[in-house]
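Contents: one structure, followed by commentary.
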Amino acid sequence: MSLKLCNFEIYHVIYSFMSKMFTEISRIVNEDISSRVTQYDVIFEAITNAIHSNSTEIKCFLNFNGNLIKDGDIEIGRIKVDTIKVVDNGDGITDDNYKSFSTYRTEFKKDLGCKGVGRFVFLKVYSSAKYSSDLKEAQEQRKIKFHINFDTEKDLKKENKKVTANETEVFLDTLNSQYLDWDKKIDRRIELDIFSIRDKTLMNLIPTLYFYKQKGRNIEITFFDEYSSNSVKISSTDIPDFKTENFNVLNNQSFNVKFKLSHSIENSSGNLYAFYCANNRTVCDFEDKNLKITLPYGYSGFLLLESDYLSGKVNHERNDFDIFPVKTDMYSTISWEMINVELKKAISEIIKIGVPNTVKLNKAKINEIQDERPYLVNYIDENDVEIAGVLDKKHIIEKAKKKFDESKETVLSNANKSEFTDEELTQAILLAQNELISYINDRVIVIDKLKKLIDKGEQVEAIIHNMIMEKYTTDSKSKDDFLILNKNNLWLLDDRFTTYSFAASDKRVKDILKELDIPDEDTKIINDKPDFSIFFSHNPHNNDRLKSVLVELKPFDYKNKSHRKKHQGLLQLREYLEAFKSKEKIKEVYGYLITDIDDDFADTLKKDEYVAMYSSEYPIYHKYYKNLDISIFVVSVKTMIYDAEARNKMFLEIIRKNSKINKIFGK
Numbered sequence: 025m026s027l028k029l030c031n032f033e034i035y036h037v038i039y040s041f042m043s044k045m046f047t048e049i050s051r052i053v054n055e056d057i058s059s060r061v062t063q064y065d066v067i068f069e070a071i072t073n074a075i076h077s078n079s080t081e082i083k084c085f086l087n088f089n090g091n092l093i094k095d096g097d098i099e100i101g102r103i104k105v106d107t108i109k110v111v112d113n114g115d116g117i118t119d120d121n122y123k124s125f126s127t128y129r130t131e132f133k134k135d136l137g138c139k140g141v142g143r144f145v146f147l148k149v150y151s152s153a154k155y156s157s158d159l160k161e162a163q164e165q166r167k168i169k170f171h172i173n174f175d176t177e178k179d180l181k182k183e184n185k186k187v188t189a190n191e192t193e194v195f196l197d198t199l200n201s202q203y204l205d206w207d208k209k210i211d212r213r214i215e216l217d218i219f220s221i222r223d224k225t226l227m228n229l230i231p232t233l234y235f236y237k238q239k240g241r242n243i244e245i246t247f248f249d250e251y252s253s254n255s256v257k258i259s260s261t262d263i264p265d266f267k268t269e270n271f272n273v274l275n276n277q278s279f280n281v282k283f284k285l286s287h288s289i290e291n292s293s294g295n296l297y298a299f300y301c302a303n304n305r306t307v308c309d310f311e312d313k314n315l316k317i318t319l320p321y322g323y324s325g326f327l328l329l330e331s332d333y334l335s336g337k338v339n340h341e342r343n344d345f346d347i348f349p350v351k352t353d354m355y356s357t358i359s360w361e362m363i364n365v366e367l368k369k370a371i372s373e374i375i376k377i378g379v380p381n382t383v384k385l386n387k388a389k390i391n392e393i394q395d396e397r398p399y400l401v402n403y404i405d406e407n408d409v410e411i412a413g414v415l416d417k418k419h420i421i422e423k424a425k426k427k428f429d430e431s432k433e434t435v436l437s438n439a440n441k442s443e444f445t446d447e448e449l450t451q452a453i454l455l456a457q458n459e460l461i462s463y464i465n466d467r468v469i470v471i472d473k474l475k476k477l478i479d480k481g482e483q484v485e486a487i488i489h490n491m492i493m494e495k496y497t498t499d500s501k502s503k504d505d506f507l508i509l510n511k512n513n514l515w516l517l518d519d520r521f522t523t524y525s526f527a528a529s530d531k532r533v534k535d536i537l538k539e540l541d542i543p544d545e546d547t548k549i550i551n552d553k554p555d556f557s558i559f560f561s562h563n564p565h566n567n568d569r570l571k572s573v574l575v576e577l578k579p580f581d582y583k584n585k586s587h588r589k590k591h592q593g594l595l596q597l598r599e600y601l602e603a604f605k606s607k608e609k610i611k612e613v614y615g616y617l618i619t620d621i622d623d624d625f626a627d628t629l630k631k632d633e634y635v636a637m638y639s640s641e642y643p644i645y646h647k648y649y650k651n652l653d654i655s656i657f658v659v660s661v662k663t664m665i666y667d668a669e670a671r672n673k674m675f676l677e678i679i680r681k682n683s684k685i686n687k688i689f690g691k
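Residue numbering for the sequence shown follows our numbering, beginning at 25 and increasing consecutively.
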């Protein structure tokens, strides 16, 4: 008796197990299916299921159940998808297909890319999926209502029916509250735009459709807007004939992993569609994994990357991969960075064939970057250079900037080391060179600002003063300091002035002398404030012997200030020079007057025996006072700016000629 009871209990357990789905549906839907899925995913899954059931004709009916407000004959508001119905002429709910349907993550049709989880996406978005399948061979109609409490015995209905051709329908009509809840103002429905839906479906399923096209099965998918009575199709003519390029990626265990890049580049206007794929489905754009590619005007095409590795790493919803951007581990042996390095090499060869002027486009894009950010050129990945013409410029710059910043951090972290490896030394030298290039490039911005001020007639003395060096500030450096950059713009006067040991802006003579440890007795102008006072070591090995440059800015607007004011500036400047020249510690002194030189002031200068020295714009006037052993230069503010621009252009041209890019392009 006990044995019989035991057998009965075992039978009951087995029956209960078989009569339910082979796992808890609620847990799968809540834990395994992402909340990011949308009605698009429902459409993709329903159509994919139809394709895998050997369908050749698939119809997708979409409808809106609401009523829009009308203004006359015009409807106001957005029409959204409420119901989805997909009808196909495939195998239908056969015994084998139903067994697979009732098993979570079944191995059935795995060779076609089936993961055995797609139908659970339906229950994430809708409360149920209602199936109806007319089977010609069985002369039956089979119906299923798939829901959270699905029972494999109770929810399958069979009845005899005269069937002339297979037809299966899946109908979804009641959205879950996470997608539509008027009380909580939740509305995640997609817009009922069958043209957009058709295009998104094509992009998602193009690897699948191409796979079957190769096998000789042409599939037609028709989308019907039941609300507006419109329709649109996907047919075999929408699927290009792809070529393939195979390459390997070396994983972190030194094994080669195979990848296949299917490609189709056409000489016709349009877009480039580039996708990482898994299980014969597109999963995400190249751009989503830090690889933004666009074809030049007049070209269009597809790039589809496939691999068993990608298929093994795709998530349940097929909208992302479990792959790290850079790092790897024992479970994820390849990163996106590793994939994209080899992928770009493959794309480079494809683009060279598909787009004949690729090298010219590459060169033009890199030259643009060199003009804008010359200090980053040495940090551009050589693989990026090879396909620069089709890469997003911002993407190239961001990657190079990241490498530049990482190099900075590395050099700074090594700064206190007593010894350097050859690699560390090379990295430090390269960084120093590129910091200098960055500084030279930033000077263009300063020059452009000043030129705009001058061209607009906004020659405000205070603004120009602060652009050269901020008022009421000083700066000094020890003999151990290297060239100080970006603290001021004294280079506008002369690039030699950037090597100062002490500089002051609008500071009293008394304070300047104190800073230099020079006594101020017998100095009559101790409370005067030269606009700029710059000091250098006359002899690098003897800091006690200085040379000095004093600079005065005088009003630039001749309409309001006469040339006499400017001449007074010369006298004032000469007093400053005499005062500093009298100090034993100061060996040489030079003076600069920066102003506007009109005809009247030019005549005054000539009468005072100033000699015109021609520059790139207007003359520079110079006079050497032999009895005082001082020199004064009078410079037009325009000359100062245009001379600085000419010097800067020369530096930038030298940088360009010696850049890594010129060597790559064989200049």
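Quick reminder that beta carbons are idealized off the backbone N, C-alpha and C, glycines included.
These figures come from a predicted structure and were not determined experimentally.
Burial state of G593 is buried, judged by a 10 Å Cβ sphere holding 16 or more other Cβ atoms. Annotation for M493: no beta strand (DSSP E) segment contains it, and DSSP assigns it neither H nor E. Residue pairing by DSSP places T357 in no beta bridge whatsoever. By the C-beta density criterion, Y355 is exposed, having fewer than 16 other C-beta atoms within 10 angstroms.
Here I488 has no same chain residue with a Cβ atom under 6 Å from its own Cβ, once five neighbours each way along the sequence are excluded. Each of E48, G101, R143 and I363 was checked against the Cα of F68, and the nearest Cα belongs to R143. Taken through DSSP and simplified to helix, strand or coil, A603 comes out as helix. The continuous stretches of beta strand (DSSP E) do not include Q451, which lies in the alpha helix (DSSP H) extending over residues D446 to D479.
Per DSSP, G336 lies in no beta strand (DSSP E) segment; the continuous alpha helix (DSSP H) that holds it begins and ends at D332 to K337. A residue is called buried when at least 16 other Cβ atoms come within 10 angstroms of its Cβ; T434 does not meet this threshold and is exposed.
Here the alpha carbons of Y649 and D546 stand approximately 22 Å from one another. Just so you know, the alpha carbons of V470 and I549 end up roughly 33 Å apart.
Below 8 Å, enough C-beta pairs join the segment 305-320 and the segment 220-236 to call them touching: three or more. Residue G378 holds the alpha-carbon nearest to the alpha-carbon of E290 among G378, L436 and L460. Taking C-beta atoms as the reference points, K605 and I542 fail to come closer than 8 Å. Rounded to the nearest angstrom, the gap between the Cα atoms of Y236 and G413 is 34 Å.
Between I621 and Y642, the CB-CB gap stays under 8 Å.
Taking one beta carbon from each stretch, the segment 340-359 and the segment 384-400 have fewer than 3 pairs nearer than 8 Å; the two do not touch.
Across the set A298, Y614 and L334, the C-alpha of A298 shows the shortest separation from the C-alpha of L415. In this chain, the beta strand (DSSP E) harbouring N87 covers E81 to N87. In this structure A424 touches I404 by the C-beta definition: roughly 5 Å separates them, less than 8 Å. Given a length threshold of 3 residues, each whole run of the beta strand (DSSP E) inside the segment 522-554 is given here in chain order: 526-529.
Selection E539, Y234, S253 and G336 evaluated against D262 yields Y234 as nearest (Cα-Cα). For the pair S58 and Y64, the Cα-to-Cα distance works out to about 14 Å. Shortest Cα-Cα distance from N402 to any of N458, A452 and N364 involves N458. Sequence-distant partners of L474 (beyond 5 residues in either direction) whose C-beta falls short of 6 Å from its own C-beta, in its chain, are I665. When beta bridges are read from the DSSP output, N270 appears opposite K284. Less than 8 Å divides the Cβ of T192 from the Cβ of S157. Y645 is bridged by DSSP to A636 and V658.
Just measuring C-alpha positions, the residue of K662, P231, V533 and K104 sitting nearest E599 is V533. According to the DSSP secondary-structure assignment, K181 is paired through a beta bridge with K167. The C-alpha of S331 lies about 8 Å from the C-alpha of C301.
The beta-carbon separation of T246 and S255, rounded to 6 Å, stays under the 8 Å limit for a contact. Residue range Q63 to H76 is occupied by the alpha helix (DSSP H) that includes E69, with no beta strand (DSSP E) assigned at that position.
Between the segment 68-82 and the segment 166-175, the count of Cβ pairs shorter than 8 Å is below three; the stretches do not touch. In this structure, Q451 lies near S431, with their beta-carbon atoms less than 8 Å apart.
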